[in-house]
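First up is the structure itself, then whatever we jot down about it.
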Amino acid sequence: MIITGKTRLLGVIGYPIEHSLSPKMHNAAISYLKLDYIYLPFPVPPQQLHQAMAGFEAISLVGLSVTIPHKQAIMPLLKQISPTALAIGAVNTVWWSESGWHGTNTDLYGFLSPLRLLERDWTQVTPVILGHGGAARAVIVGCSELGCPEIHVVGRNKDKLDFFKDSWRSTGLESQIYTHSWDKIEGLLCQTDLLVNTTPVGMTPQIQDSPIQEKLWDKIKPSLIAYDLIYTPSPTLFLQQAKERGAYIIDGGEMLVQQGAAAFEIWLGKTAPVEIMREAFQN
Ligand code: NAP
Numbered sequence: 057m058i059i060t061g062k063t064r065l066l067g068v069i070g071y072p073i074e075h076s077l078s079p080k081m082h083n084a085a086i087s088y089l090k091l092d093y094i095y096l097p098f099p100v101p102p103q104q105l106h107q108a109m110a111g112f113e114a115i116s117l118v119g120l121s122v123t124i125p126h127k128q129a130i131m132p133l134l135k136q137i138s139p140t141a142l143a144i145g146a147v148n149t150v151w152w153s154e155s156g157w158h159g160t161n162t163d164l165y166g167f168l169s170p171l172r173l174l175e176r177d178w179t180q181v182t183p184v185i186l187g188h189g190g191a192a193r194a195v196i197v198g199c200s201e202l203g204c205p206e207i208h209v210v211g212r213n214k215d216k217l218d219f220f221k222d223s224w225r226s227t228g229l230e231s232q233i234y235t236h237s238w239d240k241i242e243g244l245l246c247q248t249d250l251l252v253n254t255t256p257v258g259m260t261p262q263i264q265d266s267p268i269q270e271k272l273w274d275k276i277k278p279s280l281i282a283y284d285l286i287y288t289p290s291p292t293l294f295l296q297q298a299k300e301r302g303a304y305i306i307d308g309g310e311m312l313v314q315q316g317a318a319a320f321e322i323w324l325g326k327t328a329p330v331e332i333m334r335e336a337f338q339n
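Our numbering numbers the first residue of the sequence shown as 57 and each following residue consecutively.
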């Protein structure tokens with residue numbers, strides 16, 4: 057990659073940001089397509105988000121990936137937000153246009169990509185989602201888009217669960233969402249065909265942990281799809297346990313690659329070289 061006087065800037069903002077794999081993926085795609093762009097990591101502390109966005113505007117930065125802790129905080133700074141991001145309540149991709157910053161959420165597309173390859177009658181699938189943070193919101197909108205009539209969400213704090221349920225009031229999805237405490241997991245496991253882990257339990261370095269106790273895996277249906285949003289390690293203990301019981305498993309790697317590819321296409325108006333991005337991620 058050669059930086060010239062005309063090289064244009066893309067990047068990712070988060071805090072911390074050192075762990076991000078997005079620079080590797082995007083710069084591999086930029087090099088492959090021989091584009092005069094560079095994608096950089098920007099550590100932006102929460103209290104400096106406003107100044108950072110003003111600075112990015114001043115230097116004509118083209119677009120950004122947005123990660124923790126800015127996915128919600130950035131929303132008031134945007135001129136326009138896509139209906140998808142509004143439904144999810146978080147933005148992970150922004151770009152500059154003449155009228156100001158625009159934002160959307162490509163996590164939804166990333167989450168759905170591996171599921172859309174499967175032949176399932178989603179109207180007969182009752183997903184169970186473990187955890188109810190930012191990523192779970194994209195997962196819920198995704199399950200609703202697939203046509204799943206009911207979506208069950210498991211959390212460990214009753215007040216947070218109630219708040220979470222309430223937060224869907226204005227979206228029209230509230231009536232599809234059922235919340236449960238963890239002591240209900242055994243009953244839920246017997247019924248579900250799609251179990252999604254959106255908690256960080258099992259992520260490096262805590263790779264010996266799983267959100268589901270070993271003995272409970274005997275309750276699963278043979279048709280179960282176990283999906284873990286975590287991509288390091290791959291597979292997680294959660295996915296190893298599911299696979300041993302015959303479930304179809306999906307890790308978070310493809311979601312990461314596909315959400316990045318969707319963002320790349322928004323910024324550059326070109327088809328993303330997904331295979332190159334996947335290779336960069338895997339390496
Ligand atoms: P988040 O907003 O912090 O939400 C985490 C959720 O997990 C919360 O509901 C939290 O509950 C729950 N949780 C945390 N520790 C738990 C534990 N020990 N037992 C039970 N529940 C627990 O995080 P997020 O942004 O949604 O991200 C969640 C995971 O998804 C992370 O591992 C992240 O790396 C992954 N992710 C992957 C992709 C991808 O592209 N593959 C994209 C986004 C996120 P409390 O509120 O009670 O703590």
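We treat Cβ as the ideally placed atom computed from N, Cα and C, and that holds for glycine. The structure presented is a predicted model; accordingly, all values stated were derived computationally and were not measured.
Given residue i, which residues of its chain have a CB within under 7 Å of its CB, disregarding the five upstream and five downstream residues?
| i | result |
| --- | --- |
| D171 | It should be pointed out that residue 171 corresponds to Leu in this sequence rather than to Asp. Excluding positions up to five away in sequence, the list reads L202. |
| A141 | V147, G159, T160 and N161 |
Hey, how far is the Cα of residue i from the Cα of residue j?
| i | j | result |
| --- | --- | --- |
| P205 | D284 | 21 Å |
| S121 | I137 | 14 Å |
| G211 | S237 | 5 Å |
| G187 | P72 | 22 Å |
| L91 | Q262 | 39 Å |
| T288 | M57 | 28 Å |
Which residue from the options puts its Cα closest to that of residue i?
| i | options | result |
| --- | --- | --- |
| I22 | T235, H82 and T123 | This structure cannot speak to residue 22, because the chain is shown only from 57 to 339. |
| F112 | S153, K90 and Q296 | S153 |
| Y165 | R334, Q315 and T327 | Q315 |
| L250 | T140, Y71, Q180 and K62 | Q180 |
| Q247 | K277, V209 and S76 | K277 |
| W323 | M57, Y95 and S290 | Y95 |
| T182 | G190, V195, G189 and G159 | V195 |
| A279 | W178, S226 and A141 | Sequence check: residue 279 is Ser here, not Ala. The shortest C-alpha separation from S279 is found at W178. |
| G325 | V209, V118 and L217 | V118 |
Is the Cβ-Cβ distance between residue i and residue j less than 7 Å?
| i | j | result |
| --- | --- | --- |
| L168 | G198 | yes |
| T254 | A192 | yes |
| Y353 | L66 | Lying outside 57 to 339, the shown extent of the chain, residue 353 is not represented and no answer is given. |
| M333 | A319 | no |
| S290 | G302 | no |
| A108 | V100 | yes |
| I286 | M311 | no |
| A143 | T60 | no |
| D265 | V252 | no |
Identify, in the order they occur along the chain, each residue of the same chain with its Cβ nearer than 8 Å to the Cβ of residue i, setting aside the five sequence neighbours on each side.
| i | result |
| --- | --- |
| L272 | I241, E242 and L245 |
| L105 | I69, H126, A129, I130 and L133 |
| V313 | M81, G166, V330, M333, R334 and F337 |
Ordered along the chain, which non-local residues of its own chain (more than five positions away) have a Cβ less than 6 Å from that of residue i?
| i | result |
| --- | --- |
| K299 | I305 |
| F98 | G67 and I69 |
I'd like to confirm something about residue i: is its beta-carbon nearer than 6 Å to some heavy atom of ligand 2, or not?
| i | result |
| --- | --- |
| Y165 | Absence of ligand 2 from the depicted structure is noted, with ligand 1 being the only ligands included. |
task = Check whether the stretch 110 to 128 touches the stretch 147 to 155, taking contact to mean three or more Cβ pairs, one atom from each stretch, closer than 8 Å.
result = Counting C-beta pairs with one atom in each stretch, the stretch 110 to 128 and the stretch 147 to 155 have three or more that are closer than 8 Å, which means they touch.
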